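Enquirer:
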Amino acid sequence: MKQAAQLKRDRKKLPEMLFIIAFLAPWMADILVFKIYPFFYGIYISFCKVTYKSMKFIGLKNYIDTFERSLFWDSLLATFKICLVTIPLIVLGSLLISFTIHHCSKRFKNMTKVALYLPAVTSEIVLAIVWKNMFSSSFGLSASMCNILGIKPIEWLTNASLTVPLVGVLVTTLCIAQPVILVSTAIDNMNESLLEASALDGANKLQQLWHVTLPAIRPTIAFVMITTTIGNLQVFYIPFLLTGGGPENATVTMLYLVYKNAFEYGNYGLAGAQGMILFVVIGIMVCLQYRFTRAGSVD
Amino acid sequence: MKKLLAALLALIMVLSMGSSAFAADVELTLWTPPVFAIGYMDALYDLIARFEEANPGVTIEVEELNWDGIGEKLESAMMTETTPDIYIDGTARTAKLPSTALCVDVSDVLETTGNWNEGAINIGKVDDAYYLVPVTLMPSTILAVNVDLAKQYGVYEMLPEDRMSWDWEDFMAFLKACGEKSLTDGVYPIGLFAGSQSSDIAYYTMLLSAGANVLNADHTEAAINTPEAVQVLANVKEIVDNGLTYPGIAEMTDEQVMGVFLNQKVVVDLTLNGGVNGITMFNEMVTDGLIEKAPVVQGYAWPTMNGSATNIGNWGANCAAIFENEGDEDKIAAAKDFLAFMATDKAFNETLWASAPSYGPARTMDIELKLEDEAMIAEVGAVTHLAAYNNSSFGILESYWGEIRQYFYPNLQSLVLGNKTPEEAISSFEASVNEVLQYN
Amino acid sequence: MNKIKASFGKVLISLIMVLSLLPFIIMLLGSFKPNMALSLVPVDFSPFHNTTLNNFKEVFAIADVGSAYLNSIFLLVFVVACEVFIAVTAGYIFATKFFFMRRWLFALVIVTMMMPRQLLLVPNFMVAKKLNLIDSLYGVALTTINASYGIFLVRQYVLGIPYSLYESARIDGCKDPGIFVYIALPMLPPIMAAVAISSMFGVWNDFLWQNVMLSSKANRTVPLMLSFLSNKAQNGIPQVGIQLAGSVVAVLPLLVFFLFFQKWFIEGISAGGVKE
């Protein structure tokens, strides 16, 4: 409180304003030219019929077309289904992994973190080849194992109810390294005395976990949740490479649709509209999450 | 002294003006992916060198594009007017260029060079102007049969001698007879795929040959919902149900099916466009030390149905286009000269044909196929007549074909997984096609 | 209870590690097998027979690996340096100062993270064209910079620096720039490293944008070189072996760099970390 009041008094000084402006300038310059202007340009495009030589303003037609066509709603569903798998998996997975390695040697911790980074480093073409060979139901790893076990090969890639979770799990392996590092660091840096105090009060491990540890690292968890949400609603590459849209178009995600319309069909206006809708969806999800985690309190 | 200086100055001025007084120095840019086989880029550079020699003042700079991301690159260039002067590529990207109004009318090039394959030049025709100069024809989408295996299982005689005269009854009989003997060896008669969109032209060929069609004549409506089309899918289902195709069809991609064929686990393959590619692949395997001897591979057209004519779905031709850009007269003239030169140059066309024997010449020319591989020459000779049945009018050249394509293979997947009957699959595809047409 | 939880956690970690390591190992194994062997189905990755160094020889013969590396390294250094710079300056301000519309401006940071990249591709290309940045490494660099995540990280980190440190410096007569340079900056290297790592691999592997922006051979970066290798797959003969070898060549040095410095990087992040 005292700090805040003091800061407010400081606010009136001019050199300070200059300092603030100077420090915000690089960021503002960058996003004005390369993010905000293109974004508004993109908004404009979404209201136009775009050909190579002309851009004709057609109002909401692109949006209406988007909402009328069933593939769009399928892609919305597909995106949400995949995120339903990835976001909890990443958040909970990073927590679980971090707790598990918390008591291990530093060397083991580092090794784990590095190993988790490997898929992000391997080129996507390679990942696609390998995964296709792992999860095919007629040859490869999964099929061989099923044969050994004497069961019918699991149809990972042809049964939509299996493919969608599988894509989710694979996306998780690509995205989990960064959250693990952040959460693990937060746990390591937590104030041990809090734990000791609660132990003195007679708390068992589970209670410690729930009432002491988790609240202490809540900002980190909130951060991970929001960035993961934003990132995963834009999932595109893995469905693109692995399933080509999945069994019966079950893994066509929203960004995949934008990509197709922009670069395969040359229909930029439609792609722009779909991209804007995706943007709005992400915005809604982020707002919901902010409310849910009350992360705004850090502000 | 002053006079000397003045004279020197005048001389310098005249000399510096003189170089620009010659024929305009033209610099052209040419973009192309490696559309043809090994040897294409070298042949192209050689061609350009000879052209530059014959036309001093013209230089052509080549940019070899990557296959990955080529769509984005071209689209971005077209949107921002950073297109090259000349663009050479297959119909997947060139077919839509005429309707963009970004290209130059090349009717004069076609007229002066003459002897063109009618279907090939029609790809670039919009109203009465032609905007594309074909370079070679695309290969015919035909079946590849592993003859060694076919003979081993005693079914080689069931194949038509002229490579095209058989119908679905014969075809099913062939597959079943083969299966009786081969399945015990773990070899399957055919490798179908439903897991990827690429190489789906095999299925359109299957439908076309049976007398079905995707779009109606003016491409205003879907024309796929016919008894023939339903029967074809029913036959596919029968093949799957009888275990005659390599398992896992719903998720197999064209590359995987090819991989199975190369492993000699299937007798008939639909993705290799006939014998020539098959021979090339097997020869490569011999070179890599994976097998000792390459099996004989031959190409056959798809079976027909109810007496319909053989029809081979085809991507048309590889074409060259000239982008107008700023409308520089000299550049356009030079580019046209180059395309005419390319169309008539014997050495270049012979090299192309020899390196990619299934890509026939787009003009009648006095060139011969110069190959060492006897098997290859024999196979090219045996299937040359099939090129006459090439058909690219079923919609594949339309700008919205990409959108239509994406709806076919999911329906095929539903069919083979048992989630849709043939009628349902066809009806669903028809509805999707009509939807695409509505929004285009 | 704890034991169950520990072993469950260990099982989960092992599972994820397998899924993570397997593609990488297979990439390594595959790069030593001839092309056609990798196109067969079922594919045979076994290192015990039919191996060849040919793929690697081809990679270095066909592609100009050295120049591709130089270009990519330049790009990486430029982009990461700019991102760290922006992240530090903006993140510090968001964490330490109150000012007009601070909340909204910070919301803007989040909003820019939400803009899908494919959507911005063509508008960004048009902007780049107007600024004459096409086919230039500087152009690619400027358009690749994405500092939003970094700003987030730095802000969280700086929030953990006790205010008392600033106060004491102020009492000693330090002004804002001084406070930043003498108090905050010395504490920032760990989080700067974190920002660098978080975007390092993305920038290195960003094929899509680099392909659209760059044309000439001289400007080719590593992902473009990799894709160029697959160009040999004309007439359908797949070049999977060469592609895998190319992938190994493309990623191994970066990985070695990362492994070598990970001790410093990750320990650095751990030393600082996201405090409350």
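Residue numbers (my numbering), protein chains in the order written: chain Z, 1 to 299; chain P, 1001 to 1440; chain D, 2001 to 2276. Cβ atoms here follow ideal geometry from the backbone N, Cα and C, with glycine treated the same way. Here the structure is a predicted model, which is why all the values come from computation and not from measurement.
What does P:L1102 reach in chain C if we use C-beta pairs closer than 8 Å?
Expert: Chain labels in this structure do not include chain C; the protein chains are Z, P and D.
Enquirer: For Z:S144, which residues in chain P fall below 7 Å Cβ to Cβ?
Expert: Per Cβ cutoff of 7 Å: no residues; Z:S144 is ~13 Å from chain P at best.
Enquirer: In angstroms with no decimal places, state the Cα-to-Cα distance between P:R1363 and P:E1374.
Expert: Their backbone Cα atoms lie some 25 Å apart in a straight line.
Enquirer: Does DSSP put P:M1258 in a helix, a strand or coil?
Expert: Helix at P:M1258.
Enquirer: So, for P:M1017: in the same chain, excluding its five sequence neighbours on each side, which residues have a beta-carbon less than 8 Å away from its beta-carbon?
Expert: In this prediction, P:M1017 has a pLDDT of 47, which is less than 50 and means its spatial position is unreliable; what the coordinates show is noted afterwards. Counting only Cβ-Cβ distances below 8 Å, and skipping sequence neighbours, we find nothing.
Enquirer: Where DSSP assigns a beta bridge to P:R1363, which residues make up the other side?
Expert: Partner(s): P:W1116.
Enquirer: What residue ranges within the region 1322 to 1402 of chain P form continuous alpha helix (DSSP H) runs of no fewer than 4 residues, ordered along the chain?
Expert: With a minimum length of 4 residues, the continuous alpha helix (DSSP H) runs that stay inside the region 1322 to 1402 of chain P are 1329 to 1344, 1346 to 1355, 1374 to 1383.
Enquirer: List, in order along the chain, the chain D residues whose C-beta lies closer than 7 Å to that of Z:A160?
Expert: Here the premise fails: no neighbours, minimum Cβ distance about 21 Å.
Enquirer: Give the range of the beta strand (DSSP E) segment to which P:L1028 is assigned.
Expert: Per DSSP, P:L1028 belongs to the beta strand (DSSP E) from 1026 to 1032.
Enquirer: Report back the beta-carbon spacing between D:L2038 and D:G2241 to the nearest angstrom; my notes put them in contact at under 8 Å.
Expert: 5 Å between Cβ atoms; contact.
Enquirer: With contact counted as at least three CB pairs below 8 Å, one residue from each stretch, are the region 1178 to 1188 of chain P and the region 1206 to 1215 of chain P in contact?
Expert: Taking 8 Å as the limit for Cβ pairs, the verdict is that the region 1206 to 1215 of chain P does not touch the region 1178 to 1188 of chain P.
Enquirer: Against chain D, which members of the region 1279 to 1300 of chain P pass a CB distance test of less than 8 Å?
Expert: Listed by position, the residues of the region 1279 to 1300 of chain P near chain D (Cβ gap below 8 Å) are T1280, M1281, E1284, M1285, D1288, G1289, L1290.
Enquirer: Would Z:G161 be called buried (16 or more neighbouring beta carbons within 10 Å of its own) or exposed?
Expert: According to the sequence as given, residue 161 of chain Z is Ser; it is not Gly. So Z:S161 counts as exposed.
Enquirer: Can you look up Z:S297 in the DSSP assignment and give me helix, strand or coil?
Expert: Unreliable placement is indicated for Z:S297, whose pLDDT of 44 sits below 50; no coordinate value is reported for it.
Enquirer: For D:L2224, go through chain P and note every residue whose CB falls closer than 8 Å to its CB, in chain order.
Expert: Simply N1066.
Enquirer: Alpha carbon to alpha carbon, what distance is there between Z:D201 and D:M2027?
Expert: If I take the Cα positions, the gap works out to 53 Å.
Enquirer: Can you tell me which of the three DSSP states P:A1021 falls into?
Expert: Unreliable positioning characterises P:A1021 in this predicted model, as indicated by a pLDDT of 35, which lies under 50. A coordinate reading is not provided.
Enquirer: Using a Cβ-Cβ cut-off of less than 7 Å, list which residues of the region 2186 to 2197 of chain D approach chain P; keep chain order.
Expert: Of all residues in the region 2186 to 2197 of chain D, none has a Cβ within less than 7 Å of some Cβ in chain P.
Enquirer: For D:N2132, which option in P:E1072, P:S1414, P:E1081, P:A1334 has the closest C-alpha, if you only look at C-alpha atoms?
Expert: It is P:E1081 whose Cα lies nearest to the Cα of D:N2132.
Enquirer: Please classify Z:P26: does DSSP put it in a helix, a strand, or coil?
Expert: Three-state result, Z:P26: helix.
Enquirer: Measure the C-alpha to C-alpha separation of D:T2221 and P:S1165 and round it to an integer number of angstroms.
Expert: If you take the alpha carbons of D:T2221 and P:S1165, they lie about 52 Å apart.
Enquirer: Compute the beta-carbon to beta-carbon distance between P:S1099 and P:A1129, rounded to the nearest angstrom, for a pair I have assumed lies under 8 Å.
Expert: At roughly 11 Å, the Cβ-Cβ gap does not stay under 8 Å, so P:S1099 and P:A1129 are not in contact.
Enquirer: For D:L2040, which option in P:S1432, P:E1403, P:A1217, P:K1265 has the closest C-alpha, if you only look at C-alpha atoms?
Expert: It is P:K1265.
Enquirer: Give the straight-line distance between the Cα atoms of D:V2195 and D:F2258, rounded to the nearest whole angstrom.
Expert: Looking at the two C-alpha atoms, the distance is approximately 14 Å.
Enquirer: Under the three-state reduction of DSSP, which class applies to P:V1297: helix, strand or coil?
Expert: Strand.
Enquirer: Counting only Cβ-Cβ distances shorter than 8 Å, please list the residues of the region 1114 to 1144 of chain P near chain D, keeping chain order.
Expert: For the region 1114 to 1144 of chain P, which is checked against every Cβ of chain D, not one residue is closer than 8 Å.
Enquirer: Looking only at DSSP bridge pairs, what is P:D1269 linked to?
Expert: Answer by DSSP bridge pairing, in chain order: P:A1144, P:G1191.
Enquirer: Compute the distance between the beta-carbons of P:V1236 and P:G1191, then report whether it is under 9 Å.
Expert: Going by C-beta atoms, P:V1236 is not nearer than 9 Å to P:G1191.
Enquirer: Roughly how far, in whole angstroms, is the beta-carbon of Z:L116 from the beta-carbon of D:S2020, given that I think they are within contact range, below 8 Å?
Expert: Going by Cβ atoms, the distance from Z:L116 to D:S2020 rounds to 6 Å, so yes, they are a contact pair.
Enquirer: With a CB to CB cut of under 8 Å and the five nearest residues on each side skipped, what residues in its chain are close to Z:G231?
Expert: Counting only Cβ-Cβ distances below 8 Å, and skipping sequence neighbours, we find C175.
Enquirer: Relative to chain Z, which residues along the region 1410 to 1426 of chain P have a C-beta separation below 7 Å, given in chain order?
Expert: Of all residues in the region 1410 to 1426 of chain P, P1410, Q1413, S1414, L1417 have a Cβ within less than 7 Å of some Cβ in chain Z.
Enquirer: Which residue or residues does DSSP assign as beta-bridge partners of P:A1317?
Expert: P:L1137, per the DSSP bridge assignment.
Enquirer: Note down, in chain order, all residues in the region 1079 to 1103 of chain P with a beta-carbon under 7 Å from any beta-carbon belonging to chain D.
Expert: Going along the region 1079 to 1103 of chain P in chain order, one finds M1079, T1080, T1082 with a Cβ nearer than 7 Å to chain D.
Enquirer: Under 9 Å between C-beta atoms, does D:G2121 make it to chain P?
Expert: One detail in the question is off: residue 2121 of chain D reads as Leu in this sequence, not Gly. Chain P contact via Cβ: present.
Enquirer: For Z:I64, which option in Z:P247, Z:A273, Z:I181 has the closest C-alpha, if you only look at C-alpha atoms?
Expert: It is Z:A273 whose Cα lies nearest to the Cα of Z:I64.
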